[in-house]
Structures are given as C-alpha cells and as structure tokens.
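One structure below.
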Amino acid sequence: MERLLVEASSKTPLIHLDHEKGLIEVKGRSTPEDIEKLYLPVFSWIDFYLKNPQQVTTVNFHFEYFNSSTTKALMRMINKLVVVHKQGGTSLIINWLFFDEDMLEYGEDFQDLSGIEFNFIESDYSNIDFEINNY
0 MERLLVEASS KTPLIHLDHE KGLIEVKGRS TPEDIEKLYL PVFSWIDFYL
50 KNPQQVTTVN FHFEYFNSST TKALMRMINK LVVVHKQGGT SLIINWLFFD
100 EDMLEYGEDF QDLSGIEFNF IESDYSNIDF EINNY
C-alpha cells in the first residue's frame with residue numbers, strides 16, 4: 000500500500016498517510032473549495048488501510064482553522080477508524096494538537112461524538128513542519 004502525501008496550501012492541510020507506520024496526519028488550514036476533491040482520496044486510502052491495519056494506528060490532527068465542510072469530513076474519517084477499532088484487535092490513538100481554546104473545544108466535540116478518548120496536546124501552531132520533503 001502506498002503512502003498518500005498531499006502538500007499544504009493556503010486553503011488545504013498537509014495530509015500524510017503511511018500504512019507501514021500506521022500513521023494518519025492532517026495538519027494546517029482546511030477551507031477547500033471542493034471538499035470531496037481533497038478528502039475523497041483520504042477516505043479511499045483509509046478504507047483500503049482498514050482491510051489490513053497495523054496493530055497500532057496513530058492519528059495526529061493539528062489545525063489552525065477548518066470550516067464546517069471539513070468538520071463533516073473529519074467526523075467521517077474518525078468514524079471509519081473507530082468502527083474498526085471497536086471490533087477489536089487493534090489500537091487507535093488520536094492526538095488532537097491545539098494552540099487555543101477554540102481548537103481544544105472542537106477536539107472535545109469530536110471526542111464526545113466518536114466515543115473514543117483523544118489525547119489533547121497543547122502545541123504552538125508554528126511548530127508544524129509543512130516541508131513536504133520531510134515526510
């Protein structure tokens with residue numbers, strides 16, 4: 000299974016999906032004009048990954064801002080991962096990195112809606128590495 004790596008732009012986040020590492024990362028700003036165009040490959044990758052997931056899957060979300068369409072896409076992504084996790088046999092770690100109270104509250108809402116415990120990590124947004132060659 001190939002990695003999926005999408006470079007960040009002013010309206011789209013950096014997306015890094017790596018089957019070998021059991022790693023899913025979405026970082027940055029997510030206000031795409033076409034939400035399906037951005038996230039449909041992510042959903043497809045996750046569906047394929049979940050057929051043969053790693054023993055531990057780590058998800059890192061670190062947003063500056065996201066719009067309501069992204070909220071729906073994130074919930075869809077989380078729900079896909081949680082369903083397989085609840086079937087047993089694998090561990091799911093969701094890290095929600097935040098730099099302000101608003102982002103913390105969004106993460107808490109996702110945690111409540113998904114029914115799975117998140118790790119909340121306060122992190123300066125300026126620490127995000129957007130250099131695609133580092134992934």
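Numbering (numbering that gives the first Met the number 0), first residue to last: 0 to 134.
For every residue, glycine included, the Cβ atom is placed at its ideal position computed from N, Cα and C.
Note that the coordinates shown come from a computational prediction; the quantities given were computed from them, not determined experimentally.
- DSSP places residue 109 within a helical segment (H, G or I) once states are collapsed to three.
- By the Cβ-count criterion, residue 28 is buried, with 16 or more other Cβ atoms from all chains shown falling within 10 Å of its own Cβ.
- For the segment 19-99, the continuous alpha helix (DSSP H) assignments of 4+ residues that do not extend past its boundaries occur at 34-48, 67-85, in sequence order.
- Per DSSP, reduced to three states, the secondary structure at residue 104 is helical.
- Nearest to residue 41 by alpha-carbon distance, out of 131, 18, 55, is 18.
- When secondary structure is reduced to three states using DSSP, residue 14 falls in the strand class.
- Residue 131 sits in a helix when the DSSP states are folded into three classes.
- A direct Cα-to-Cα measurement between residue 89 and residue 78 gives close to 15 Å.
- Taking residue 24 as the centre and dropping the five residues before and after it, the same chain places the C-beta of 15, 59 closer than 6 Å to its C-beta, in chain order.
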